[in-house]
Amino acid sequence: MYHATEVKVSTALILVNDSDAQDWRVAVTWQRVAQATLELVVCAVCPIPGSVSIPWSVLDKTHRKLLVTQVPLDTVLSMPMFFRFYLICRFMALRSRQFRDAATRSIAALNHISVNFTFVLKTLMHENPLRVLIIFTVFFWIIMAWILRQCEQFDTIEDQIKYMNSLWFIIITFMSIGYGDVTPHTYCGRTVAISTGIVGAGVSSALIAVISRKLELSRSEKHVNNFMADSKLARERKHAAAAVLQHTWFIHKFRCLHFPRDEMKLRHHQKKFLAAITEFQRIKWEQRKVADESNALIDVAKLQSDMHEILFEMQRVQEFLVSKVDILMKQLDKLERTLTTGTGSNNAVLVTAAASRREETLPGIV
1 MYHATEVKVS TALILVNDSD AQDWRVAVTW QRVAQATLEL VVCAVCPIPG
51 SVSIPWSVLD KTHRKLLVTQ VPLDTVLSMP MFFRFYLICR FMALRSRQFR
101 DAATRSIAAL NHISVNFTFV LKTLMHENPL RVLIIFTVFF WIIMAWILRQ
151 CEQFDTIEDQ IKYMNSLWFI IITFMSIGYG DVTPHTYCGR TVAISTGIVG
201 AGVSSALIAV ISRKLELSRS EKHVNNFMAD SKLARERKHA AAAVLQHTWF
251 IHKFRCLHFP RDEMKLRHHQ KKFLAAITEF QRIKWEQRKV ADESNALIDV
301 AKLQSDMHEI LFEMQRVQEF LVSKVDILMK QLDKLERTLT TGTGSNNAVL
351 VTAAASRREE TLPGIV
């Protein structure tokens, strides 16, 4: 039903762009067929009624000798049924507020982002990372402990792994500790242990990243610290500059104004003078580093907003200039028409005056 709905939606989207493509098979791709086939295979796995048994390889206590025992087939088929948990992931995606919100889906579609389980999981990890990791870890421990118990319950060795021991083994393997007090005796159990260790390493890395992000200072806190550091360095710079001037005066005093010279005090103030200069240079360098850090904390969103305002102002000025140029062109056209009309009227007046003068002259000659 899910894939049929997806095909209908894809067909509708294709019809919007191409009115000739009216066949639903146009929207069926080999990726969609492979996904549907895989889901059908996963959902088809279930225990078979009856007492069918299959051979099961088991290691002895020394892990050197391979033994074979009979295991019910329904026990083996019950373990792959956990792959059906992908339906929970799909349920989370379809019932999430991002998927049900039309505005969010529209914005995501405009940005070519698919609102699927990956997007929902990233959103949850961004909003509540610790809660997501804790819930996933607890369910993973419970499920893997049950699978390990199923793998090891038909062991021919007397000390079979109980569920609580299996849970203990999964937890210490997940945390990459491994005391060695509980060990799997089947290849299925070893596969579960390897999978648990790999997933545990990934979750541990994600947990460390989340804790590091929580411990990191926010932008406002960094601004406060930089402001306090800059104020402290400014005071120290003033003190260092005052010390330089003070020891300069003492050097001049003991060199030129005191006779005979006090060489011990002169050398003392010369050393203090050099130390004050070194301290002044160090403070200037520290202030430069603080200024660089402050420049690195400039809000990119603010820069983008300022850039948009500048571009909007430039566009407004450009439109204003274009309108002024249009008005000027209209005025020039009007002036040209006026000049053309005025020239034609003047010519007509001149012709009329010449004709009347000719008529006045001809009767006198006659």
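full-length UniProt numbering applies: residue 1 is where the sequence shown begins, and numbers increase by one.
Beta carbons are placed, not taken as given, at the ideal position from N, Cα and C, and that holds for glycine.
It should be emphasised that the depicted structure is a prediction, and the values quoted were computed from it without experimental measurement.
Give, in chain order, every unbroken run of the alpha helix (DSSP H) that is at least 4 residues long and sits entirely within the region 107–189.
117–127, 129–152, 163–174
Using three-state DSSP, classify Pro55 as helix, strand or coil.
For this step, residue 55 is matched to residue 55 along the sequence shown. It is a strand residue.
Are the CB atoms of Cys151 and Gly189 nearer to each other than 8 Å?
For the purposes of this step, residue 151 is taken as the residue at position 151 of the sequence shown. For the purposes of this step, residue 189 is taken as the residue at position 189 of the sequence shown. Yes; because the gap between Cβ atoms is below 8 Å, this pair is in contact.
Closest to Met144 by CA distance: which of Asn111, Phe83, Met314, Ala103 is it?
Here the question's residue 144 lines up with position 144 in the sequence shown. Looking at the Cα atoms, Phe83 is the closest of the given residues.
Under 8 Å between the Cβ atoms of Phe280 and Leu266?
Numbered from 1 along the sequence shown, position 280 holds the residue referred to as residue 280. Numbered from 1 along the sequence shown, position 266 holds the residue referred to as residue 266. No, these two residues do not count as a Cβ contact at 8 Å.
Give the range of the beta strand (DSSP E) segment to which Val68 is assigned.
Position 68 of the sequence shown holds residue 68. Looking at the DSSP string, the run of the beta strand (DSSP E) that includes Val68 is 66–72.
Can you look up Gly50 in the DSSP assignment and give me helix, strand or coil?
The residue you call residue 50 lines up with position 50 of the sequence shown. Here Gly50 sits in coil by DSSP.
Count the other CB atoms within 10 Å of the CB of Ile88; is the residue buried (16 or more) or exposed (fewer)?
Your numbering for residue 88 matches position 88 in the sequence shown. Looking at its Cβ environment, which holds fewer than 16 other Cβ atoms inside 10 Å, Ile88 is exposed.
For the alpha helix (DSSP H) holding Ser231, just list the boundary residues, first then last.
Sequence index remark: in the sequence shown, residue 231 carries index 231 (1-based). Per DSSP, Ser231 belongs to the alpha helix (DSSP H) from 219–252.
By the three-class DSSP mapping on this structure, what secondary structure does Met329 have?
Here residue 329 refers to the residue found at position 329 of the sequence shown. Helix.
Looking only at C-alpha atoms, which of Met125, Asn128, Pro129, Gln98 sits nearest to Asn116?
Residue numbering aside, residue 116 sits at position 116 when the sequence shown is read from its first letter. Selected option, being the one with the closest Cα: Gln98.
DSSP three-state call for Glu216: helix, strand or coil?
One-based indexing of the sequence shown puts residue 216 at position 216. Three-state DSSP puts Glu216 in coil, outside helix and strand.
Let me know the secondary structure DSSP gives Ser305 once reduced to three states.
For this step, residue 305 is matched to residue 305 along the sequence shown. Helix at Ser305.
Per-residue burial, Pro184 [other beta carbons within 10 Å of its own, 16 or more giving buried]:
Counting from 1 along the sequence shown, the entry for residue 184 is found at position 184. Buried, since its Cβ has 16 or more Cβ neighbours within 10 Å.
By the 10 Å Cβ neighbour count, where 16 or more other Cβ atoms means buried, how is Gly200 classified, buried or exposed?
Walking along the sequence shown from the start, residue 200 turns up at place 200. Buried.
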